[in-house]
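Trainee: Position one of the sequence shown corresponds to residue 0 (numbering that gives the first Met the number 0), numbered consecutively onward. Got a structure here, written out as structure tokens. Questions coming.
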Amino acid sequence: MKKKIKSLLLKFKKLNLPEGKYAIYGSAPMAVRNLRDVHDLDVVVESKVYKELLKKYKEVKPGFIKIGDIEIFDLSKSLLKNPKKVIRNAQKIKGFYFASLQDIIDWKRSLGREKDLRDIELIKNYLKKKNASEKSDFKEKVLKVVAKIPAGKVLTYKEVAEKAGSPKAWRVVGNILSKNKNKKIPCHRVVRSDYKIGGYNRGSKKKKELLEKEGVLIKNDKVFIQRK
């Protein structure tokens, strides 16, 4: 994180705004991720918070308070299309609530300035790399979970997803295992949630053979065994 954003956040921290009642937007959500530098902080706050701030600070104009390099907007006066949504979707990073990158993309797209379009490209490239990294991390976790399933035991795709840290990604687990070529990873020991044996990249027949060889009881393509 660059020095300027660190300095701004230290100043902002002194305002002691209540959690979940504001969102830092503008270019700061990019700066906190080291995508670009920033010279000030744009903050949208709920109206109740804004009224409290008015007890200490004077307005530059209705709905707008400027405290050094920190610009604070009442949500009713902000330039955001849906400020309540932006606050609701704000993500906590390093103890501060920043507007989500998707909300920043939407906001900058509505402004349509050349610099905003450049920022959008920066954000999209960052998200693309981040998603690729997360997919790679999840794949590694899935393969580690499956590698630990002992012979004669099974896990469901859903259980593997849970153990890998993403309970709803059971379809992704199936996709990862279908592409696995490492024979040391016993993909055949992962079955459907209804305990039907499910698919296998070497064929369902081979999957059934391997499971039965390991002592798994199968009837009508359904596993009957104590799970791991």
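Idealized CB from N, CA, C, for every residue including glycine. Computed from a predicted model, the values in this text were never measured in an experiment.
Which ranges would you report for the beta strand (DSSP E) in the stretch 98 to 132 if only whole runs of at least 3 residues count?
Mentor: Listed in chain order, nothing qualifies, since the stretch 98 to 132 has no complete beta strand (DSSP E) run of 3 or more residues.
Trainee: Are the Cβ atoms of Ile71 and Val44 separated by less than 8 Å?
Mentor: For Ile71 and Val44, yes; Cβs fall inside 8 Å.
Trainee: With a CB to CB cut of under 7 Å and the five nearest residues on each side skipped, what residues in its chain are close to Gly197?
Mentor: Only Val190 and Arg191 meet the Cβ criterion.
Trainee: Can you give the Cα-Cα distance for Lys205 and Lys212, rounded to whole angstroms?
Mentor: Roughly 10 Å between the two C-alpha positions.
Trainee: Can you name the start and end residues of the beta strand (DSSP E) that Ala168 belongs to?
Mentor: Note, Ala168: premise wrong, no beta strand (DSSP E); not H, not E.
Trainee: Which same chain residues, not among the five before or five after Ile184, have their C-beta less than 6 Å away from its C-beta?
Mentor: Taken in chain order, the residues that qualify are Leu142, Val145 and Ala146.
Trainee: Could you tell me the distance, in whole angstroms, from the CA atom of Ser46 to the CA atom of Lys60?
Mentor: Taking the straight line from one Cα to the other gives about 15 Å.
Trainee: Would you mind stating whether Ile103 and Ile122 have Cβ atoms separated by less than 8 Å?
Mentor: The answer is yes: Cβ separation under 8 Å.
Trainee: Identify the residues that DSSP records as bridge partners of Phe72: which are they?
Mentor: In the DSSP output, where bridge partners are listed per residue, Phe72 has Val43 and Phe63.
Trainee: Of all the options Tyr96, Leu110 and Ser75, which has the alpha carbon lying nearest to the alpha carbon of Leu40?
Mentor: Among Tyr96, Leu110 and Ser75, the Cα nearest to that of Leu40 is on Tyr96.
Trainee: Is it the case that the Cβ atoms of Val48 and Pro17 are separated by a distance below 8 Å?
Mentor: Yes, the Cβ-Cβ distance between Val48 and Pro17 is below 8 Å.
Trainee: How long is the line joining the alpha carbons of Leu53 and Asp73, rounded to whole angstroms?
Mentor: Taking the straight line joining both Cα atoms gives about 11 Å.
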